[in-house]
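UniProt numbering numbers the first residue of the sequence shown as 1 and each following residue consecutively. All residues carry an ideal CB built from backbone N, CA and C; glycine is no exception. Below you'll find the structure, written out as structure tokens, and then a few comments.
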Amino acid sequence: MCVCECKVLCLRCVVLLQTEVVRERVPTDTYTHNTVRDRVQSSIRVRPRCCPPAVPVCFQRCQKLPKRRANVTPPSMQSQEEAAEGTEGVHNKPAGGDNAPANPPSSNEFYFHLPARFPASHMMPIGIGVQGAVCSAVDIKTGRRLAVKKLSQPFQDVTFAKRAYRELKLMRLVDHPNIIKLLYAYTPQQTLDTFRDVYIFTELMDSSLQHVFGTKLDHERISFLVYQMLCGIRYLHSAGIIHRDLKPSNIVVRKNCTLKILDFGLARSIDTSFTMTQYVVTRHYRAPEIILNMEYDTKVDLWSIGCIMAELITGAVLFPGTDHVDQWMRIVETLGTPRPEFIARTTPGTQRYISNQPVVAGRPFGELFPDEVFEGMASPNVPQLTNDAARDFLRRMLAFDPLERISVDEALAHPYVSVWYYEEDVMRPPPKPYDHALDARNLTVEQWKRLLFEEIQDIQRTMSLDEEG
């Protein structure tokens, strides 16, 4: 069977689809998916070569856009013809994402074993990587298309187990239109002793932001995308949570230009009393204070958004460092040597290193982002979105010193995005209280495993796939 319907069994369609009967004695009060003893289970085997690239979102400009605000209409990413035809979501995110380590999990393939309401014939591999694998699936009971992520070896060590628990716990707490929605969590194992597989069900989007790059967007669309990133991040910050891993593969979009943030495995509370992990954020989107092993706060997320916005404008990574040191050097070559006040807050070793390097003046933002880069980006619908406004916004988000960097509230008030300001987007009540002590727990793999198993059991008791997403 060719999953891309191209009538040819091409390499990217080599996927083994099967349905198997799993015979086991399961008390009806402990298994809610089927009350029969012989339950049919949908299975899919996913290998790296069978994961097709996501279908890129079409970015033709619409002549007529759907209403959303009383005075400003948000942009769309599809043509009128496509909107009339109606296209289904095909991509949530390739697991692993940017700069993932070269070596995949030791098994190098994943087996999805899901309840029978998700037939293997309706499943499509989306991505595979170090963090796990993602497939799209159809719930034949409701007709809804979902994204299903299977975590990769969640109990191989303490770091993986803690990250899996943290991600699921945070996903249950958050509720914002610009943050991916958790629909369900599932494990086919019924006891803690046999527990090994974790499946996370979420909304299915059209594409990750990775597949936007290379397509020329106008100011209107870039502004609206960045505005939504800021709304989602402000919501997290209001709960004392730093995302810490914002990058194009962790941001997903639909053809109507709506955007959602995902992947909370590296998220961390703001008020942790110990030194926060430094090796976070994919290298190209990593703030200087993280590179230099300094204390950091919510401003690291603003730096990442600035890097992503620059990439949306130019189609190229702003700071494409090949390693830790090269990343630092590229930032310095672009923005210049940091001021003495910033250097004074670094470690003595870092101060010596910087003092031994030549002083670099940096390049003005008018040179980094000349008018030629913005050619064809004018937006007649929103004339206040100018090249100068975009440059100023980038300069404020990419300030070397986090003390001088714009905050998320200041960013939302900037002219380049304030045109979209809508109180219900920005001033949503913060999520339920987050257990900040979670980040300080020093537990064993087995203890994290127990917590995760109990969390999934609670989700299965309190959440239902039959509910509207």
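inquiry  = For S152 and G127, which I take to be in contact (beta-carbon distance under 8 Å), what is that distance rounded to the nearest angstrom?
reply    = Actually they are not in contact, since the Cβ atoms of S152 and G127 sit about 12 Å apart, beyond 8 Å.
inquiry  = Below 8 Å on the Cβ atoms is my contact criterion, and I expect F173 with I200 to pass it. Report the Cβ-Cβ distance as a whole number of Å.
reply    = Sequence inspection shows Leu at residue 173; the Phe mentioned does not correspond to that position. Contact between L173 and I200 does not hold, since their C-beta atoms are separated by about 14 Å, which reaches or exceeds 8 Å.
key: Unbroken beta strand (DSSP E) run spanning K162, endpoints   = For K162, no beta strand (DSSP E) segment is defined; the enclosing uninterrupted segment is the alpha helix (DSSP H) at V158 to L173.
query = CA-CA distance, P364 and K260?
reply = If you draw a straight line from the Cα of P364 to the Cα of K260, it comes to about 32 Å.
key: Exposure label - H284; buried when at least 16 CB within 10 Å   = Counting Cβ neighbours within 10 Å, H284 comes out buried, since at least 16 surround it.
query = Between L114, D139 and K162, which lies nearest to T444 when the distance is taken from Cα to Cα?
reply = Of the candidates L114, D139 and K162, the one whose C-alpha sits nearest the C-alpha of T444 is K162.
task = Can you give me the start and stop residues for the beta strand (DSSP E) that E220 sits inside?
result = It is not in any beta strand (DSSP E) - E220 instead sits in the alpha helix (DSSP H) that spans H219 to S238.
Rounded separation between K191 and F453 - CA only = Looking at the sequence provided, one finds Thr at residue 191 rather than Lys. About 9 Å.
request  = Identify every run of the alpha helix (DSSP H) within the stretch 386 to 410, keeping only runs that are complete inside it and at least 4 residues long; order them along the chain.
outcome  = Listed in chain order, the alpha helix (DSSP H) elements of length 4 or more contained wholly in the stretch 386 to 410 are 387 to 397.
Backbone secondary structure at Q78 - three-state DSSP = Residue confidence is low: Q78 scores 49 on pLDDT, short of 50, so the model does not pin down where it sits. Its coordinate-derived value is still stated next. Correct three-state label for Q78: coil.
ask   = Assuming L204 contacts L146 under a Cβ cut-off of 8 Å, what Cβ separation, rounded to an integer in Å, is found between them?
value = L204 to L146, Cβ: 5 Å. Contact.
ask   = Hey, how far is the Cα of A411 from the Cα of R450?
value = So the two alpha carbons sit approximately 41 Å from each other.
inquiry  = Suppose the cutoff is 7 Å on Cβ atoms and the five residues either side in sequence are ignored; what does the same chain contact list for G321 look like?
reply    = Here the set comprises R283, H284, Q327 and R330.
inquiry  = According to DSSP, L179 sits in a beta bridge with which residue or residues?
reply    = Checking the sequence shown, residue 179 turns out to be Ile, not Leu. I179 is bridged to I261.
Same chain only: Cβ atoms within 7 Å of D139, ignoring 5 sequence neighbours per side = When the five nearest sequence neighbours on each side are left out, the beta carbons in the same chain lying within less than 7 Å of the beta carbon of D139 are those of R117, F118, L146 and L465, in order along the chain.
message = Taking the alpha carbon of I313 as the reference point, which residue from D371, R166 and L302 has its own alpha carbon closest?
response = When each option's Cα is compared against that of I313, the closest is D371.
request  = Along the alpha helix (DSSP H) that carries R145, what are the first and last residues, could you check?
outcome  = DSSP places R145 in no alpha helix (DSSP H) but in the uninterrupted beta strand (DSSP E) bounded by R144 to L151.
request  = Run the CB neighbour count on D301, radius 10 Å, all protein chains shown included, and call it buried at 16 or more, exposed below.
outcome  = Buried is the call here.
request  = Report the rounded CA-to-CA distance for Q357 versus K150, giving the unit in angstroms.
outcome  = Rounded to whole angstroms, Q357 to K150 spans 46 Å at the Cα level.
request  = Can you tell me which of the three DSSP states Y296 falls into?
outcome  = Here Y296 sits in coil by DSSP.
ask   = I128 lies in the alpha helix (DSSP H); which residues open and close that run?
value = Unbroken run through I128 is the beta strand (DSSP E), M124 to I128; no alpha helix (DSSP H).
query = Where does T282 fall in DSSP's three states?
reply = T282 carries a coil assignment under DSSP once its states are collapsed to helix, strand and coil.
ask   = How is E367 classed by DSSP in three states: helix, strand or coil?
value = If DSSP states are grouped into helix, strand and coil, E367 belongs with the helices.
task = To the nearest angstrom, report how far apart R254 and T215 are at their CA atoms.
result = Going from the Cα of R254 to the Cα of T215 covers about 15 Å.
task = May I have a chain-ordered list of the alpha helix (DSSP H) segments no shorter than 4 residues that lie completely inside the stretch 336 to 363?
result = Look at the stretch 336 to 363 and you find these whole runs of alpha helix (DSSP H), each 4 residues long or longer: 340 to 343 and 348 to 355.
key: Nearest-angstrom beta carbon gap, G376 and V360 [assumed within contact, 8 Å]   = Not confirmed; about 32 Å, so no contact.
DSSP beta-bridge partners of Y421 = Bridge partners of Y421: none, in fact.
request  = Within the same chain, show all residues whose beta-carbon is closer than 6 Å to that of W303, passing over the 5 residues directly before and after it, in chain order.
outcome  = Same-chain partners within the cutoff: A287.
inquiry  = Can you check which of these residues, N178, W448, G349 and F160, is closest to D425 by C-alpha distance?
reply    = Selected option, being the one with the closest Cα: N178.
task = Could you tell me which of S223, F160 and C307 sits nearest to P383, measuring between CA atoms?
result = The option with the nearest alpha carbon to P383 is S223.
task = Could you say which of V373, L262 and Q447 lies nearest to A310 if we only look at CA atoms?
result = The candidate whose alpha carbon is nearest that of A310 is V373.
For H324, three-class secondary structure by DSSP = Collapsing the DSSP output to three states places H324 in a helix.
request  = Report, in whole angstroms, the separation of the C-beta atoms of K299 and P402, which I expect to be a contact under 8 Å.
outcome  = That pair is a contact at about 4 Å.
task = Could you tell me if M427 is buried or exposed, where buried requires 16 or more neighbouring beta carbons within 10 angstroms of its beta carbon?
result = It is exposed - the Cβ of M427 has fewer than 16 other Cβ atoms within 10 Å.
request  = Tell me, to the nearest whole angstrom, how far the beta carbon of V408 is from that of R234; I am working on the premise that it is less than 8 Å.
outcome  = About 5 Å separates the two Cβ atoms, so the contact holds.
ask   = Using a Cβ-Cβ cut-off of 6 Å (strictly less than) and excluding sequence neighbours within five positions of K141, which residues of its own chain qualify?
value = Excluding sequence neighbours, K141 sits near R117.
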